[in-house]
Every structure is written in C-alpha cells, then in structure tokens.
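Colleague:
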Amino acid sequence: MAKIDIGLDADLVVEVMVLSGIGSPQDAVEAVVRDYIARGHRTEARVGLRDEGLRETDAEPRDVQG
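Here you go:
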C-alpha cells in the first residue's frame, strides 16, 4: 500500500491519541481513518439491504379493490 505524509494540527492529533488510547500519532490517526471507512461500508450495507427490502415490497402484486 502506498504511503503519504500529511500535516495535521498537533492539538487534533493529541486529542485523537487520547480518545483512542493509542500512543503513536500515526497509528492513532490511521485507526480513526480506518474506523471512518468501516462505518461508511456498514452504512452502505444497511441502506442497500433496506433498499432491497423496499424493492421486494413494491414488486408484490397489489389486490385490486372494486
């Protein structure tokens, strides 16, 4: 995997380190980014399942009342 270097505000990184309990600045920020990505994937999966359920409900034949 390719590596990049970025600059971040020191206070932001220290807060991430404290909240995550990770002593290395790089590891703490990487953990936060990985968690953010994982949450996005979980959200996409839930929305996809919900959309599938809606499509199945809409596809059912409706009773004609008359």
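Residue 60 in UniProt numbering sits at position 60 of the sequence shown, with consecutive numbering throughout.
Where a beta carbon is used, it is the ideal one built from N, C-alpha and C, also for glycine.
By the DSSP assignment, the alpha helix (DSSP H) with Met17 in it spans what residues?
Modeller: 10 to 20
Colleague: Just to confirm before moving on: does the CB-CB distance between Ala31 and Ser20 stay below 8 Å?
Modeller: yes
Colleague: How many whole angstroms separate the CB atoms of Leu8 and Val29, which I take to be in contact at a CB cut-off of 8 Å?
Modeller: About 7 Å separates the Cβ atoms of Leu8 and Val29, confirming a contact at the 8 Å cut-off.
Colleague: Using three-state DSSP, classify Ile4 as helix, strand or coil.
Modeller: In the structure shown, Ile4 sits in coil (DSSP, three-state: anything other than H, G, I, E or B).
Colleague: When you compare only the Cα positions, how much space is there between Asp5 and Tyr36?
Modeller: Each residue's Cα considered, the two are about 19 Å apart.
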